[in-house]
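To start, the structure itself, in structure tokens.
Protein chains: 2
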Amino acid sequence: MADRTSVDAHLARVLALLAPLRSRADELVPLPEALGRVTAADLVSPIDLPPFRNSQMDGFAVRAADVASAPVSLPIAGEVAAAPGTPAALRPGTAVRIMTGAPVPEGADAIVPVEDALTTNESVSIARSRTVGEYVREAGSDLPAGSVVVPTGVRLASRHLGALAASGLASVPVRSRVRVAVLSTGSELVAPGSPLGPGQIPDANGVALAAAVRSAGAEVVLEGRVTDTAAELEALLEAALAVGADLVLTSGGVSMGEHEVVRELLEPHGAVVDVLAMQPGGPQALATWNGVPVVCFPGNPVSSQLSFEIFVAPSLRELAGLPAPVREPRVLESGLRSIAGRRQFLRGRRTRGGGVTTVAGPGSHLVAALAASDVLIVIPEDVVELGAGDSVETWEL
Amino acid sequence: MADRTSVDAHLARVLALLAPLRSRADELVPLPEALGRVTAADLVSPIDLPPFRNSQMDGFAVRAADVASAPVSLPIAGEVAAAPGTPAALRPGTAVRIMTGAPVPEGADAIVPVEDALTTNESVSIARSRTVGEYVREAGSDLPAGSVVVPTGVRLASRHLGALAASGLASVPVRSRVRVAVLSTGSELVAPGSPLGPGQIPDANGVALAAAVRSAGAEVVLEGRVTDTAAELEALLEAALAVGADLVLTSGGVSMGEHEVVRELLEPHGAVVDVLAMQPGGPQALATWNGVPVVCFPGNPVSSQLSFEIFVAPSLRELAGLPAPVREPRVLESGLRSIAGRRQFLRGRRTRGGGVTTVAGPGSHLVAALAASDVLIVIPEDVVELGAGDSVETWEL
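Shown next, in the form of structure tokens:
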């Protein structure tokens, strides 16, 4: 058998194939829907933050000069609430009751907190002097109008939306989500929950890959299933393009047997079909369909899910502004063997104290064991045996 | 002034108020919509995984006894694809071409991979003997029918959905999302993006708190805004209950000034209104409205957002099966002062090498500075001064 292609070489090809996803369009979304989206421009506040000079405390607005010789008593000349309207200017020698957030009247330059003021009838006793500007929030003191409130490339969290709302922005430009079509191939597949006849199995790949695409911050625009018939697959690919898919993922139909529908349809169109030096997930293919990248995974459900994590998820996460997946060394609880010349992705569970233990065997059909795992254990190509206490790379699922 | 209530004492009261959220109803959701939901029961597979005995490889199904004296040549008696139907039993002394995932014919007990087989006309040459069961996946070898495929209390990721789909489950019981109403109070507030008159500001709290609720894994069932008028607030609370809110969050109207609409409406109904020993976010209140918990934050946008993170987000995250927020010590890049008797929550940014630096000052109106932060720096009540190089607790935003 010919030399197998390395995981790294295939990953490089996938990254090249997905490069056009970086230049997809931006869109304008209403602020309340922008949570988790990535800003497509430096977002500038058109207004000062805060928009006007206001009080930091419930208390009394005064002129600092009028309380310089404290203790003093000033007549209370009115009240300013946090409410629409412009308050009257402060007459020298008076105080105005003021609420937190209310506009500071012209002429006032300090706030005496209510805790420090003794109110008697229509006057207020102020025990000590105040500096100019005390408890006054100046307009623009958080951010001046015209400044960047959230820069480009930021994944919007609630605190960003708060600042954008305070800036009076009703909608914001964000990167569009990558639009992905997920296609399952296999005559043996039925929809999960449908009765199973002999030789039939529920399609686990469609549900799992669609969910994995969403978890990676992209959008599923089509999920479909075809038998091992090239014309059916072609029609589904066309449907994916018709709904504007930026990327198509297929599962099944790429191995060395008969009835390999993905190979049958795509090889004549220049697909690269290959067997990788990895376990699980050896057979893989890459193609384009009318310019749209098509990444083809094997049909075994563990193989397809792991292939997505290895080759596609990191790119989608990066494009969605999500943090890179956690990859860290852990200590094996017990020894294991691996196949020379294959990068092995075993399923594992983290243990207390930074350890990791394998879950079931390497079989690519062990979907329940995958569900019971929380990490992948990555064994390099040149390692055939590891002992308890050896360090291995783990990828958080 | 009376002694302030400690942050810990208030947190304990909030946790008691939110306790009924733990007993909310379950719901049944279609599998493709269950991503990120928390299982409400041990989910049992009604079928074996895999459901039938099938081939692990593309190759030939044989009887191990027939290849015991390999090298041997066997006539090819047919082919089994991964497709609906029951294959004919294997006649002794023959081989059947078989695809990965296809049912293994009765009588066959080993698979010879295509790579190890030399095909000539209508026969296959097999170079070496095979053990019974080699490359055969037995029914139930991943999980026997009747076993738990995903236990209760698990936040469903794509790999769980894959195993549930493989088990033929079309829908699953999950915990219902906590249904939250977010109410902003303040006569000075307008919808973000509306023109601002004198004394008006955009309502940042509604957008920010609604997004924070969603980030904590809960659902926003109503978002509303009222002026400082008790009858308006009462109508909005009734509207929140009418749409089935499990929890109501309010901002504004709880401080010591005039026009404190939340106090005005809720204190006669037994609300606890308090000033906490914290900065920002001193004034806080707790109530119930017809049995539904109401958590009331101050109106300053930084105060309300931080109060949500401190008092409510951890509970919502736990109920949604999300990991606890990251809280870790970091080293201060430069010194700072804090107020005796207040737990201070400063905004900070992480620096290389595990450090942290403050962002702007402690003002509760600094929404742009909050947006530019990625952690809170927590200064205990009894600390008034820290130097560069001192360790502080940080909370990831």
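Chain order of the listed sequences is A and B.
Those letters in the first sequence? Residues 1 to 397, per the UniProt record's numbering, in order.
Those letters in the second sequence? Residues 1 to 397, per the UniProt record's numbering, in order.
For glycine and all other residues, C-beta sits at the position ideal for the given N, C-alpha and C.
Taking 8 Å as the CB threshold, Q56 (chain B) lines the interface with chain A. Closer than 8 Å to the CB of Q279 (chain A) there is not a single CB belonging to chain B. In the three-state reduction of the DSSP assignment, L35 (chain B) falls in the coil class, being assigned neither a helical nor a strand state.
Neighbours of E258 (chain A) in chain B, taken as residues whose beta carbon is under 9 Å from its own, are D58, E79, A81, R97, M99 in chain order. Burial of G252 (chain A) is indicated by the presence of at least 16 other C-beta atoms within 10 angstroms of its C-beta. Residue environment: G299 (chain A) is assigned as buried (16 or more neighbouring CB atoms within 10 Å of its CB, all protein chains considered). Every beta strand (DSSP E) stretch that sits fully inside the region 133-170 of chain A and reaches 3 residues is listed by chain position as 148-150. When DSSP reads this structure, M99 (chain B) sits in no beta bridge, so it has no partner. L169 (chain B) reaches chain A at P192, G193, counting residues in chain order whose Cβ is nearer than 7 Å. Around the beta-carbon of A89 (chain B), fewer than 16 other beta-carbon atoms lie within 10 Å, marking it exposed. Across the structure, L209 (chain A) and P105 (chain B) are spaced so that their CA atoms are roughly 31 Å apart. Between R347 (chain A) and A245 (chain A), the C-beta spacing is not below 8 Å. The region 40-59 of chain A makes no contact with the region 334-344 of chain A; the number of CB pairs closer than 8 Å stays below 3. Taking 3 residues as the shortest admissible run, the region 212-299 of chain B contains the following complete beta strand (DSSP E) segments, listed from N- to C-terminal end: 219-226, 247-251, 272-275, 283-289, 292-297. When Cβ-Cβ separations below 8 Å define contact, I201 (chain A) makes contact with chain B.
Proximity of G217 (chain B) to chain A, defined by a Cβ-Cβ separation below 8 Å, is not satisfied. The region 7-16 of chain B and the region 370-388 of chain A do not touch, with fewer than three beta-carbon pairs separated by less than 8 Å. When CB distances to chain B are screened at a threshold of 8 Å, the residues of the region 178-190 of chain A falling below it are G186, S187, E188, in chain order. In this structure A371 (chain A) is in contact with R159 (chain B), their Cβ atoms being roughly 5 Å apart against a cut-off of 8 Å. L31 (chain A) reaches chain B at P192, G193, V207, counting residues in chain order whose Cβ is nearer than 8 Å. For a Cβ distance threshold of 9 Å, residue set L161, G162, A163, L164, A165, A166, S167 of chain B lies close to A204 (chain A), ordered along the chain. Annotation: the continuous alpha helix (DSSP H) that includes D8 (chain B) extends over 7-18. The Cβ atoms of V261 (chain A) and V294 (chain A) lie no closer than 8 Å to each other. From the listed residues A:A324, A:V96, A:V149, the smallest Cα separation to S123 (chain A) is found for A:V96. Separation of T288 (chain B) and L366 (chain B) (C-alpha to C-alpha, rounded to the nearest whole angstrom) is 31 Å. Taking 8 Å as the CB threshold, S158 (chain B) lines the interface with chain A. Under a criterion of Cβ atoms nearer than 7 Å, the residues of chain B adjacent to L366 (chain A) are, in order, D142. For L376 (chain B), no alpha helix (DSSP H) encloses it; the enclosing beta strand (DSSP E) starts and ends at 375-379. Scanning B:S334, B:E333, B:F311 for the CA closest to the CA of P325 (chain B) turns up B:F311. Ranked by Cα distance from G282 (chain A), the first of A:A271, A:S304, A:L266 is A:S304. For S45 (chain B), there is no enclosing beta strand (DSSP E), as DSSP gives it neither H nor E.
Check the Cα spacing between R175 (chain B) and each of B:E333, B:L386, B:R317, B:D374: the tightest is with B:R317. Cβ proximity to chain A below 8 Å picks out S255, M256, G257 from the region 236-257 of chain B. Shown here for A320 (chain A): same chain residues with a beta carbon closer than 6 Å to its own, the five before and five after excluded, namely G217 in chain order. Look at S184 (chain B) here: in three-state DSSP terms it is strand. Buried is the label assigned to E223 (chain B), since at least 16 other Cβ atoms lie within 10 Å of its Cβ.
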